[in-house]
Every structure is written in C-alpha cells, then in structure tokens.
Amino acid sequence: MSGGESWGAAHPAAGAAMSGGESRGGAAHPAAGAAPSGAELRERARRAIAEQPGKTVTVLSSLLAAQDELHYLPFEAIEEAAMSAGASVNEAWGVASFYPNFRFTPPARHSVEVCWGPTCHVLGAQPILQGLARHLGLDGEGDTEDGSVSLKFNTCLGVCPHAPAMSFDHQLAGRMSLDAAVSRLERVRSGEQGA
Amino acid sequence: MTEAYEALRMRAAERWDALHAKPWIRVGTGLMGEAAGAPEVLAALREAVARSGADAAISEVGTRGLCYAEPLVDVFVPGGPRALYGNAAPEQAAVIVERHVRGGEAVAELALASVDCDVAGVPRLEDLPMMRRQVRVALRNAGEIDPGDLDQYVARGGFAGLNRALSELGRERTLEEVKNSGLRGRGGAAFSTGMKWSFLAGNPAPEKYILCNCEEGDPGAFNDKTVLETDPFTLIEGCVIAGYATGASNGIVFIRHGHDAPIDRTRAAIAACYENGLLGSGVLGSNFSFEMDVSLVGESYVAGEETALMEAIEGKRSMPRFRPPFPAAYGVWGKPSNINNIKTLSYAPEIVRRGAEWFKEIGTEKSSGTAIACLSGDIRRPGLVEVPFGVTVRQIVEELGGGDPEGKGLKFLQTGGPLGGVLPAEQFDMTLDFDEMAGAGAMFGSGGLIVCNEERSVVDLTRTLLAFDQMESCGKCFPCRLGMSHLLEILERIADGTGRDGDMELMERVGLNMRGGSLCGHGQLGYNPVASAVRFFGGEFRARLEGGEAPPIGSFVGPKATRRGAQMSGGTPTASVKVDFVSRMEPAAAAAGGAR
Ligand SMILES: Cc1cc2nc3c(=O)[nH]c(=O)nc-3n(C[C@H](O)[C@H](O)[C@H](O)COP(=O)(O)O)c2cc1C
Ligand code: SF4
Ligand code: FES
C-alpha cells in the first residue's frame with residue numbers, strides 16, 4: 000500500500016470540535032457564502048505567505064500567515080506553506096495538526112472565546128461556557144449548525160484581573176456573567192457589534 | 000558617550016518638552032484596557048477633545064498594573080495638576096475634558112490619584128494601597144510612555160544602559176556587571192543570568208542567538224505580555240545588551256500568536272530601533288552589530304520550554320529536545336543560543352545603567368531586585384505589582400491586593416503556574432524569595448498568584464490545572480503523555496465523588512514515575528500541583544473519597560481539541576491530503592533553515 004492510502008480516511012477536524020464544512024476549499028460551509036475557488040484560496044495564501052512581516056520564514060510562520068488571511072487552512076494553504084519553507088506537505092501537516100489554533104474548515108461568521116483558565120475557573124467560567132454552549136445548541140466547543148458562531152475555549156486570554164474573560168470577534172471582554180455573555184453574543188450575531 | 004546616543008538623547012529631550020507644553024491625555028489600552036472597556040473611553044475622549052476644540056495630545060499607553068481601576072485615564076496639563084481617573088466611563092469624558100483639560104483643575108470627585116502634585120481630597124499615586132511598597136524597575140515606564148514612541152523611552156533614560164556598555168564598560172565588564180547584580184532568571188528556574196550569559200560568551204562561534212521567551216503560556220500570569228505591551232523598548236535594549244555581553248549576532252523575540260497588542264507593539268519598536276541606528280550594523284555607531292526579529296508560535300504551553308522553543312522557531316512542532324547538547328553549544332538552527340525570559344532581560348538596561356550594587360540593594364541576599372507578581376482571583380485589587388524580594392506574601396495579598404472583595408477569609412494561593420503548587424493561608428508570612436518559596440514546595444515561577452477564598456475547592460482547582468497539563472503534554476515521551484491522562488482521570492473521579500480506595504497512592508505512584516522518567520520539565524513537574532494540594536489539603540481529597548465535609552464542585556467541561564489525543568483519533572492529519580513527497584524545494588534552501 001502506498002503512503003497515500005495507509006493513513007486512513009478521516010479529516011483531522013472530524014475527530015475534533017469542528018462541524019460542517021469540507022476539507023478542500025470549504026465549499027459546503029453555510030457561512031462561506033459563494034465559496035472561493037481553490038485557485039483563489041491558493042493565491043490569497045501565497046500572497047499572505049510572501050508578505051508575512053517576519054524575516055525568518057518557516058513552515059509554522061507561513062501557516063500562521065495563511066490562517067490569519069483565510070481564518071482556516073485549506074489544503075492549498077498547507078501546500079503553499081510547505082513550499083515556502085522547502086518542506087514536504089506531510090511535514091507541514093505535521094506542524095499544522097499539532098497546534099490547536101489551526102483549523103481546517105472555514106470558521107463560522109462570528110467567533111466567541113471563553114477562558115477556562117484557573118482564575119476564570121475560580122470566578123465562574125464553567126457556568127458561562129456551559130450556559131453559552133447550551134444557548135447555542137452545542138455540547139461544548141464547536142460551530143453552530145447555521146454557521147453563525149464558532150465557540151472556542153481558551154486556556155488564558157491574558158487578562159486574568161478582569162476574569163471571567165471572553166472575546167467576541169477577537170474583542171476582549173472582562174467581568175462576564177452568563178447573562179452578559181448571551182446578550183453580547185446576540186448583539187454580535189445580529190451584526191450590531193464586532194467585525 | 001557615543002555621539003549617536005547623544006543625538007538621540009537631545010532629540011528625545013526636545014520632544015519630551017514639547018509633549019509637556021500642552022495638555023496630554025494617556026489612556027491605558029492594550030489587552031487589559033480592552034477587556035475593561037478602554038476603547039470606548041478612548042473614543043469618547045477623542046470626541047470630547049475634538050468637540051471642545053482643546054489643543055491636547057492623546058496617547059495610548061500600556062497598563063499600569065492597577066487593573067482593578069481600569070479603564071485608567073491619565074491627564075496632564077502644563078502648569079496644572081496631573082491626575083489619574085480610575086474606572087473611567089465614556090460618560091465622564093466630557094467633564095474631564097471640560098474641567099481638567101480646558102479648565103486646568105483636576106476633577107477631584109472622579110480622580111483616583113494625583114501624580115507628582117497634590118490635589119485636595121485625592122491621594123497621591125504612591126500612597127494608593129496597591130502602590131505602597133512597590134519599586135518599579137522593569138515596569139518603570141508602564142503607563143508613562145507611549146510604547147510606540149522611541150523618543151519617550153529615551154527621554155526617560157532609555158538606551159543609557161546600552162550606551163554605557165558600549166562606550167564605557169566594554170564586553171567583559173558589562174557581563175561582570177550583570178553577574179555581580181545577582182540577577183536570576185524570572186522564567187521559572189531562577190538560574191543566574193550572568194552565569195548563563197557567560198556560557199554563551201565562552202562559545203567563539205560568529206553566529207549566536209539571544210532568544211527572548213515571551214511564550215507565557217502560564218494561565219494566571221500576564222506580566223510578560225504586559226512588559227511588551229507597555230514598554231517593548233526595555234526588552235529590546237536588554238536583548239541588545241545581552242547580545243553585546245555575549246558576543247551574539249541575533250535576537251529573536253518569541254511570542255504566542257493571537258495576542259495582537261504585544262506583537263504589534265514589539266514589531267513597531269524593533270522597526271523604530273532599526274531606523275534609529277539601535278539595531279542593525281554598527282549599533283549606536285560602534286563596531287557591534289545586532290539583528291532582531293519576532294517569531295510567532297501556535298498555541299502550545301510546552302513551546303515555552305527552552306528546547307521546544309528552538310524547535311518552534313525553526314517552524315516545527317514544539318517538542319523538547321534531548322539535552323545535552325545544551326543551547327549554549329547547540330541551539331536554534333544548531334547555532335549557540337541563550338534563552339531568557341522577557342522580564343529577566345528587561346532588568347538588564349537599568350542594571351547596566353545604574354550598576355550591579357544598586358540592583359543588589361533591592362531585594363534579599365539570594366534574590367536580588369524585584370519580583371513582578373500577577374494578582375487575580377478572589378482579591379479586591381487584582382493587577383500587577385512590582386515589589387522588592389523580601390516582602391511577605393501576606394503584604395502582597397492583603398495590603399496591596401486588599402484580600403477577598405467580600406471580606407471572606409483566604410484559604411490558599413495557587414503559585415508557579417500550572418506546574419506549581421498551592422500555598423495555604425497559614426504560610427502567608429513567608430517572604431518572597433526564590434529559595435524560601437522553593438523550600439516550602441511553592442514555586443514563585445513566573446509570578447502568577449491566584450487567590451482563593453475559604454469557599455473554594457482545592458480539588459476542583461487541581462483538576463482544572465491537570466486538565467490543562469494533560470492537554471498541553473506534547474506527547475513525545477510516554478511517562479508524561481500517559482501519566483498526565485492517568486492523573487486527570489483519577490482526579491476527575493475524586494471530584495465526581497466516584498473515587499476508589501487506593502486512588503491517592505496510585506496518583507503518587509504515577510506522579511513519581513512522571514517525575515523520574517519524563518524528558519522535560521512539563522512531565523517532571525506535572526505531579527507538583529497534586530503533590531502540593533495533597534500535602535496541605537489532603538483532608539479535602541480524603542473527604543471526597545470517604546465521605547465528609549468538602550466544598551462543592553460544579554460540573555466541568557474542558558476543551559475538545561486536546562493536542563494529540565482527539566486530533567489523532569479522528570484519523571491522521573495527512574488523511575485527506577495527497578501525500579506529496581515531490582513538493583520539496585531546493586535542498587539548499589531547506590538546509591538554510593528557511594532563513595531569508
Ligand atoms: C513546560 C515548560 C514551560 C515553560 N514555559 C515558559 C514560558 O512560558 N516562559 C518562560 O520564560 N519560561 C518558560 N519555561 C522555562 C524555560 O525553559 C527557561 O527556563 C526560561 O525561559 C529561561 O529564562 P530565565 O533564565 O530568564 O528564567 C518553561 C519551562 C517548561 C519546562
Ligand atoms: S515531558 Fe511531556 S511535554 Fe515534555 S517532552 Fe515529554 S511528553 Fe513532551
Ligand atoms: S485565566 Fe482567564 S484570562 Fe487568564
């Protein structure tokens with residue numbers, strides 16, 4: 000059996016939190032609207048990789064640059080990252096699959112992060128993250144079925160004095176309660192606030 | 000004094016005077032400010048200034064560490080009072096601008112503190128309970144300067160240390176100065192910095208690296224990011240001094256991807272240093288050249304371990320290497336390297352500027368200088384404090400921090416990060432000192448102090464820490480990879496009330512095997528949180544096992560994407576990809592480590 004088939008058939012995201020979406024180009028994701036073509040994704044990844052700010056280009060730096068641009072890593076981005084640093088696609092996948100901040104399917108339209116670090120835990124993170132998951136119809140981390148919200152747990156958002164902490168479309172918010180989180184989430188989701 | 004430095008200093012002094020010739024409003028933004036709502040306050044102030052027609056400058060600065068009072072607004076008027084407004088709200092912008100900026104009088108009923116002046120009915124900054132006992136060395140510019148403005152840094156004494164090293168001390172005496180200061184690493188292990196630097200200095204290779212570790216994966220610690228966010232120039236100057244003292248050629252600042260404010264501010268500061276002859280060839284007109292760059296890493300706690308960090312800089316999985324060879328012999332890309340925490344390096348400029356003796360005067364005999372502690376949890380005044388070693392834990396938690404916000408009794412502190420331990424309230428009279436704390440089984444580590452009141456469950460917190468440690472195990476060696484999972488499983492059933500006879504002994508056996516058999520500190524120290532919790536609060540564990548009184552524990556849901564386990568169980572990452580060995584580029588490019 001050649002190396003290609005011996006690796007099983009599932010996409011890494013299938014075993015993890017992400018739901019919905021296709022591995023190649025994210026064609027089927029409801030959030031994607033008119034899905035960009037593979038060629039388009041490749042071009043955007045290539046440009047982001049070429050224009051990354053650091054002087055030192057590695058597989059990891061290129062993967063991060065591509066994810067910053069596309070918000071996930073389609074196959075084309077992995078291939079471009081590998082080529083940028085003279086690595087094989089397998090090596091690039093090995094790196095991408097190690098760091099949990101990479102995702103392999105397009106994210107939902109909005110991102111919500113809840114800190115579950117020790118300070119936030121002590122000050123009540125669990126009721127917030129469990130309540131939010133319930134509110135969104137999820138059983139924990141993951142994307143809502145309508146593609147509107149990606150819920151992610153963060154190990155420490157770095158603002159522990161303002162615990163319990165969250166972020167909404169990458170905007171930090173401190174001293175949260177479940178009620179405040181739900182109402183801010185709904186404002187973000189209805190487009191009133193956030194990116 | 001080098002001519003280049005003198006020119007910088009003159010320009011900076013002029014700019015500083017010009018800044019103080021009209022009203023100057025400073026708003027603490029960055030991560031802390033953002034979480035507290037500073038962007039809204041900043042916008043309201045901008046609007047109020049524009050509407051009032053006042054000619055005032057507005058700068059974004061980093062946090063002062065007084066996080067309980069954020070958003071924090073600092074207003075200076077020439078010839079008038081300077082005051083800080085705490086817990087500032089957008090609605091207050093108009094009155095602050097009208098009365099303080101335009102009217103020249105501090106708004107006493109809103110002010111938190113006055114700075115370098117007296118305002119009736121308002122305490123002076125240094126008399127705030129949280130500021131008492133503080134000695135600011137690494138954080139001397141926090142909240143004072145715009146982190147993007149090199150001139151402001153230089154105006155407050157910045158690059159005087161580097162100038163002294165280059166023009167007066169020379170290589171060896173600079174290294175001696177740092178050695179004699181007794182500076183010890185602030186990244187966890189508290190190893191002598193001067194000694195570490197001399198290992199690198201002793202290696203004659205032409206290409207050597209100073210790696211600045213700002214991975215800061217410790218949940219509950221936020222001082223590294225704060226140093227970068229409030230004053231990235233201090234780190235850069237410290238890194239250049241380290242480079243000069245050790246004969247290194249390159250510096251790399253290593254930061255976790257995702258925290259935009261510290262990353263952007265560091266990048267901008269490095270660019271400014273290049274433009275002003277403080278980096279690149281011929282630093283400050285000397286014959287010493289030094290290059291600097293920022294390297295980002297994905298989410299990984301173990302990436303902060305020194306050899307894993309080098310792997311990550313090379314663009315690989317952040318999995319620790321075997322040692323020896325040690326970094327001073329074989330570091331990043333095989334080049335000799337020195338790894339220091341960001342705080343450690345941030346002390347170097349002031350040590351070299353003011354001399355080793357000055358630094359030694361602060362702190363205790365074996366722990367010289369100051370400690371930067373991050374206060375969070377059940378505490379009235381959470382935030383950052385910089386205190387001399389030798390103060391007691393009680394002074395920090397009760398005097399500076401103000402104890403529990405509702406006046407409940409305190410039960411313990413969690414210290415030293417997710418591989419650290421707990422310090423019960425009975426031991427709060429311990430002085431802050433690396434060795435004394437280590438002797439009591441509580442690491443000071445990177446300075447996170449998570450305060451827990453009498454209602455908190457130590458079993459619950461320990462389980463959460465182990466959930467983190469388990470998720471973060473890189474998976475390279477089995478005592479840690481399996482041991483962490485095993486410990487977590489046992490802790491989970493103890494927390495759920497379904498523990499079994501012999502569980503405590505089992506945890507100990509697993510833990511000791513991890514300690515003895517793991518490759519890096521993550522696995523070696525992974526049993527610490529459990530051992531420490533059991534040592535001081537063993538009764539609480541036994542009560543959960545055997546029935547008895549113990550604080551309640553709520554249900555726990557952790558993240559799904561555990562690093563190796565869950566991702567791998569759904570199929571290997573290569574599964575949906577054509578395996579493509581031919582997309583390799585020129586072997587020469589790969590061998591160059593991808594360095595452009
Ligand atoms: C699992 C693990 C994680 C670590 N994480 C960090 C970190 O985030 N930041 C840091 O400065 N040191 C970290 N360290 C310690 C580093 O390995 C290293 O000792 C330190 O950066 C040296 O700097 P110093 O001598 O200035 O303290 C970590 C160590 C281990 C074992
Ligand atoms: S001890 Fe843990 S983190 Fe360290 S190398 Fe082994 S598996 Fe990785
Ligand atoms: S623990 Fe939640 S922000 Fe640090």
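Residue numbers (numbering that gives the first Met the number 0), protein chains in the order written: chain A, 0 to 194; chain B, 0 to 595.
The beta carbon of each residue, even a glycine, is placed where N, CA and C say it ideally should be.
Scanning A/ASN100, A/ALA164, A/THR154 for the CA closest to the CA of A/ALA179 turns up A/ALA164. Cα atoms of A/SER149 and A/THR57: separation of roughly 28 Å, rounded to the nearest angstrom. Considering only B/MET470, B/THR430, B/GLN413, B/SER472, the residue with the shortest C-alpha distance to B/LEU448 is B/GLN413. The alpha carbon of A/ARG188 has as its nearest neighbour, out of A/CYS114, A/VAL88, A/GLN125, A/THR143, the alpha carbon of A/THR143. B/MET194 counts as exposed, since fewer than 16 other C-beta atoms from the protein chains shown sit within 10 angstroms of its C-beta.
In chain order, SER294, LEU295, GLY314 make up the part of chain B whose C-beta sits under 8 Å from the C-beta of A/SER60.
Residue ranges of uninterrupted alpha helix (DSSP H) with 4 or more members, entirely inside the stretch 82 to 164 of chain A and ordered along the chain, are 88 to 95, 117 to 121, 124 to 134. Between A/ALA80 and A/ALA91, the C-beta spacing is below 8 Å. For the pair B/LEU308 and B/GLU214, the CB atoms are nearer than the 8 Å cut-off. In the three-state scheme derived from DSSP, where H, G and I count as helix and E and B as strand, B/CYS272 is classed as helix. Among the residues of chain B, those whose CB is under 7 Å from the CB of A/PRO117 are PRO218, GLY219, GLN413, ILE449, LEU460, THR463, LEU464, following chain order.
With fewer than 16 other Cβ atoms inside 10 Å of its own Cβ, B/PRO324 counts as exposed. The beta carbon of B/PRO558 falls within 8 Å of a beta carbon belonging to chain A, placing the residue at that interface. Think of a sphere of 8 Å around the beta carbon of B/HIS521: no beta carbon from chain A falls inside it, the nearest being about 14 Å out.
Along the stretch 138 to 160 of chain A, the positions whose C-beta sits under 9 Å from a C-beta of chain B are ASP138, GLY139, GLU140, GLY141, LYS151, PHE152, ASN153, THR154, CYS155, LEU156, GLY157, VAL158, CYS159, PRO160, read in chain order.
As summarised for the stretch 333 to 386 of chain B, the continuous beta strand (DSSP E) elements at least 3 residues long and confined to that stretch are 336 to 340, 369 to 376, given in chain order. Considering only B/GLU5, B/LEU41, B/ASP459, B/GLY416, the residue with the shortest C-alpha distance to B/GLU90 is B/LEU41. Under a 10 Å Cβ-count criterion, B/ARG508 is classified as exposed, with fewer than 16 other Cβ atoms of the shown protein chains found around its own Cβ. Within the same chain, and ignoring the five residues on either side of A/CYS155 in sequence, the residues whose Cβ sits closer than 7 Å to its Cβ are CYS114, GLY116. DSSP, read as helix, strand or coil, puts B/PRO122 in coil. Secondary structure of B/CYS479 (DSSP, three-state): helix. Your pair B/LEU111 and B/GLY85 checks out as a contact, with CB atoms roughly 3 Å apart and the cut at 8 Å.
Excluding the 5 residues flanking it on each side, A/ALA95 has same chain C-beta neighbours closer than 7 Å at LEU62, LEU72, ILE77, PHE101, in chain order. Cβ proximity to chain A below 7 Å picks out LEU30, MET31, GLU33, ALA34, ALA35 from the stretch 21 to 55 of chain B.
Taken in chain order, the members of the stretch 467 to 478 of chain B whose beta-carbon sits within less than 7 Å of a beta-carbon on chain A are PHE467.
Only VAL94, ALA95, SER96, PHE97, TYR98, PRO99, ASN100, PHE101 from the stretch 94 to 113 of chain A bring a Cβ to less than 8 Å from some Cβ of chain B.
Residue pairing by DSSP places B/PRO128 in no beta bridge whatsoever. In the structure shown, the three-state DSSP call for B/MET470 is helix. Under the rule that a run must span 4 or more residues, the alpha helix (DSSP H) segments found entirely inside the stretch 511 to 566 of chain B read 520 to 524, 527 to 545. Not one heavy atom of ligand 2 falls within 7 Å of the beta-carbon of B/MET470.
Under the DSSP assignment, B/SER180 falls outside any alpha helix (DSSP H); it carries neither an H nor an E label.
In chain order, GLY157 make up the part of chain A whose C-beta sits under 8 Å from the C-beta of B/LYS224. When DSSP reads this structure, B/ARG255 sits in a beta bridge with B/VAL296. Within the same chain, and ignoring the five residues on either side of B/VAL293 in sequence, the residues whose Cβ sits closer than 6 Å to its Cβ are VAL252, THR265, ARG266. Against chain B, the beta carbon of A/GLY37 has no neighbour under 7 Å; the closest one sits roughly 13 Å away. Per DSSP, the continuous alpha helix (DSSP H) segment holding B/PHE198 begins and ends at 192 to 200.
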